[in-house]
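Visitor: I am attaching a structure below and will ask some questions about it afterwards.
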Amino acid sequence: MSVRAVVEGVGHYLPDRIVPNSEFEDSLDTTDEWIRTRSGIERRHFAADDQPTSDLAIRAARAALENAGLTVDDIDGIIVATSTPDLTFPSVGTMVQKGLGMRHGFAFDVQAVCAGFIYALTTANSMIVAGQAKRLLVIGAETFSRIMDWSDRSTCVLFGDGAGALVLAAHDGKGDNTDRGILASDLNSDGEYRDMLFVDGGVSTTGQSGKLRMQGNALFRQAIDKLAGTAFTVLRKIGLEDDDVDWIVPHQANIRIIAGTAKKMGIPMDRVIVTVQDHGNTSAASIPLALSVGVASGKIKRGDLLLSEAIGGGLAWGAVVLRW
């Protein structure tokens, strides 16, 4: 017997304000067609002015707990993946803890930009397998609208706000790839690529949050190779092949990256969960959002084998294989 971190519940939250591509046409040299053609994005959600990242995360956490049929008393800890925290400190995790009325356990944040949720899942899995926790809330939450340069049409049309959450719990497994839960993970980073995607500010440099900067074409070329590579690696770790995957649930950055990665893996797009058209790139929130939408739509079912992969600033990238 071995311990597996199994998903017991999933949920998400999107802010009320929906921003269609056409809204950018008055202020930028762009069109709905231009944005759709290059990214696949049709609309995204923006948080209200008084709505911080923690608010989105709390709402997603409540939805995941409800889906699992659990209360906060059943949770040992909270891990939040975010690059857009409410404050420099304390962590968004502790703010979620307070918002849920949780006075026990622990909470902290993980920062790996768009790969953040993969890093958070891997961290949560390690803690559960090691016996440090029996049940964890793992959340991806972002308000990237707060770090956009609204004069840069190459970036500001791509991102959105949102949050998704999973409840992970310790279950007994047989120790092979037929188990439910997280079966394997693969994490990577290379700081040499920093200038491809970064924010030009910070506490110890400018003293301000800064704005997002991206070398889109260069990042695109790196993304497909690195995403397909980490996907192959994580599947081989547990003796599985591409054909064993029921659903790819990728980071939702750009439809061309999603399709290019699937093609390189030989997996048809009808086995890929795609939400980028409705949410844009929500960074660390995109995978849990897609998981929640995939479950709610009836596509993802118990026993399905899922592969999730993501790449973000750092560069940081990785993948997780789990059985639902």
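Residue numbers for the sequence shown follow our numbering, beginning at 32 and rising by one. Glycine included, every Cβ here is placed at the ideal spot set by N, Cα and C.
For R166, would you say it is in contact with chain C, using Cβ-to-Cβ distances shorter than 8 Å as the test?
Guide: Among the chains of the structure shown, chain C does not appear; only one protein chain is present.
Visitor: Mapping DSSP to helix, strand and coil, what is T236?
Guide: DSSP places T236 in coil when its eight states are reduced to three.
Visitor: Using a Cβ distance threshold of 8 Å, determine whether the segment 136 to 148 contacts the segment 79 to 95, with at least three qualifying pairs required.
Guide: With a cut-off of 8 Å, the segment 79 to 95 and the segment 136 to 148 do not count as touching, because too few Cβ pairs lie within range.
Visitor: Have a look at T62, T113, G345 and G325 and flag the residue whose alpha-carbon is nearest the alpha-carbon of L189.
Guide: Taking only the C-alpha atoms, the option nearest L189 is T62.
Visitor: Would you decide whether D256 is buried or exposed? Buried here means 16 or more other CB atoms lie within 10 Å of its CB.
Guide: Answer is exposed; the Cβ neighbour count stays below 16.
Visitor: Cβ of R211 within 8 Å of Cβ of R74?
Guide: No; because the gap between Cβ atoms is not below 8 Å, this pair is not in contact.
Visitor: Tell me the rounded alpha-carbon separation between T313 and N156.
Guide: Distance between the alpha carbons of T313 and N156: 23 Å.
Visitor: At what residues does the beta strand (DSSP E) containing V414 begin and finish?
Guide: As shown, the chain starts at 32 and ends at 355. That puts residue 414 outside it, with no answer to give.
Visitor: Which ranges would you report for the beta strand (DSSP E) in the segment 310 to 352 if only whole runs of at least 3 residues count?
Guide: DSSP runs (the beta strand (DSSP E)) wholly in the segment 310 to 352: 336 to 343.
Visitor: Would you identify the three-state DSSP class for W181, choosing helix, strand or coil?
Guide: Of the three classes helix, strand and coil, the one that applies to W181 here is coil, per DSSP.
Visitor: Could you tell me the distance, in whole angstroms, from the CA atom of L243 to the CA atom of T119?
Guide: Cα to Cα, L243 sits roughly 17 Å from T119.
Visitor: Do V160 and V265 have their C-beta atoms within less than 8 Å of each other?
Guide: Cβ atoms of V160 and V265: not closer than 8 Å.
Visitor: Is W278 helix, strand or coil when you go by DSSP?
Guide: In this structure, W278 counts as strand in the three-state DSSP scheme.
Visitor: Out of I49, V37, R69 and G108, which one is the CA nearest neighbour of H310?
Guide: The shortest C-alpha separation from H310 is found at I49.
Visitor: Using the three-state DSSP reduction, which class does N52 fall into: helix, strand or coil?
Guide: N52 falls in the helix class under three-state DSSP.
Visitor: Mapping the DSSP letters down to three states, classify I298 as helix, strand or coil.
Guide: Of the three classes helix, strand and coil, the one that applies to I298 here is coil, per DSSP.
Visitor: Using a Cβ-Cβ cutoff of less than 6 Å, which residues in the same chain neighbour G191 once the five nearest sequence positions on both sides are dropped?
Guide: Cβ within range, chain order: R75, H76, H310, G311 and T313.
Visitor: In terms of alpha-carbon separation, which member of I289, V305, G193 and N208 lies closest to D47?
Guide: Ranking the options by Cα distance to D47, first place goes to G193.
Visitor: Can the beta-carbon of Q246 be found closer than 8 Å to that of G71?
Guide: Contact: no.
Visitor: Among A172, C145, L152 and R184, which has the Cα closest to the Cα of R69?
Guide: When only C-alpha atoms are compared, the closest one is R184.
Visitor: At what residues does the alpha helix (DSSP H) containing A254 begin and finish?
Guide: Element bounds for A254: G247 to K268.
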